[in-house]
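Everything below concerns the one structure shown next.
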Amino acid sequence: MTDQREVAVVRWPAQGPSVDQLAELLAAYHLRTEAEKGESVVDVDGLPDRYRAEILDPRAAFADDAVLMALSGDTAVGCLVVTAPVGGRSEIKRLWTDPAFRSRGIASGLVGAALAHAAESGVSTVRLSVWKWRAGAIALYERLGFTVAQSWEERDQLVCMERAV
Numbered sequence: 217m218t219d220q221r222e223v224a225v226v227r228w229p230a231q232g233p234s235v236d237q238l239a240e241l242l243a244a245y246h247l248r249t250e251a252e253k254g255e256s257v258v259d260v261d262g263l264p265d266r267y268r269a270e271i272l273d274p275r276a277a278f279a280d281d282a283v284l285m286a287l288s289g290d291t292a293v294g295c296l297v298v299t300a301p302v303g304g305r306s307e308i309k310r311l312w313t314d315p316a317f318r319s320r321g322i323a324s325g326l327v328g329a330a331l332a333h334a335a336e337s338g339v340s341t342v343r344l345s346v347w348k349w350r351a352g353a354i355a356l357y358e359r360l361g362f363t364v365a366q367s368w369e370e371r372d373q374l375v376c377m378e379r380a381v
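The sequence shown begins at 217 in my numbering and counts up one residue at a time.
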């Protein structure tokens, strides 16, 4: 039997779980991403410095950003980062849902909360980049009103998307 408790989206760290739960979600996100890129990374120590820094000290890494967490009871089951506004834009980064909690609308809820936060912050456009092989994520973003935009990324295989708030 699956647990169908409601999932709440909260802003971290003002509300929500410990730094350890966020670090676990970020680690899972980065390890999965590196595996999808074909990189042989066994644990967090093998990640690039910039990603390892997010996991080891998310408070410092995202000090100017909004971190949203999806909670099922006291358990963190998803996360998303909305960068601080620059030039009327914010970026969504690090969207991750624990695989055991997928297909429950958690990612949609996190993105919806991110868009609401952006609107409250006076942002006119939210953008994001997603690896082209993540077809499910791209489809989700398209359902939520994002469209493919001219790339601002130098990394190959990233699809850049944006939408008005």
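We put the CB at the ideal spot given by N, CA and C, even for glycine.
Straight-line Cα distance separating residue j from residue i
i	j	result
S256	R371	19 Å
A282	L331	11 Å
L311	C295	6 Å
Q329	V258	With the sequence shown as reference, residue 329 is identified as Ala, and Gln is not the correct amino acid for it. Computed Cα separation, rounded: 33 Å.
A269	A277	7 Å
A239	D280	17 Å
M217	D314	For M217, the predicted structure reports a pLDDT of 32, less than 50, and the residue's modelled location is therefore unreliable. A value from the coordinates is still provided. Taking the straight line from one Cα to the other gives about 18 Å.
A251	S340	34 Å
L356	E336	23 Å
A316	T249	17 Å
G325	E369	26 Å
G321	G289	16 Å
Spatial neighbours of residue i in its chain, beta-carbon cut-off 8 Å, leaving aside the 5 residues before and after
i	result
L374	S345, V346, W347, K348, S367
G338	P301, G304
L287	V223, A224, V225, V226, G232, P233, V293
V235	P229, P274, R275
I271	A239, L242, A243, H246, V260, L263
Per DSSP, the bridge partner or partners of residue i
i	result
T291	S288
A316	DSSP, once it has assigned bridges, lists no residue as partnering A316.
L374	W347
W228	V283
C-beta contact flag for residue i and residue j at 9 Å
i	j	result
I308	V297	yes
L247	M285	no
T299	Q237	no
Option in the options with minimal Cα separation from residue i
i	options	result
V225	A323, T299, A243, R275	A323
V327	A316, F317, R359	R359
V364	G352, V381, R350, R343	R343
A353	S319, S306, G289	S319
The ligand MN heavy atom lying under 8 Å from the CB of residue i
i	result
Y357	Here there are no bound small molecules, and the ligand MN is not part of this structure.
Sequence-distant residues of its chain with Cβ nearer than 6 Å to residue i (five each side left out)
i	result
F362	M377, R379
Y390	Here the chain has residues from 217 to 381 only, and residue 390 is not among them.
Close-in-space but distant-in-sequence residues of the same chain around residue i (CB under 7 Å, 5 per side omitted)
i	result
A351	none
A334	V298, S306, V342, V381
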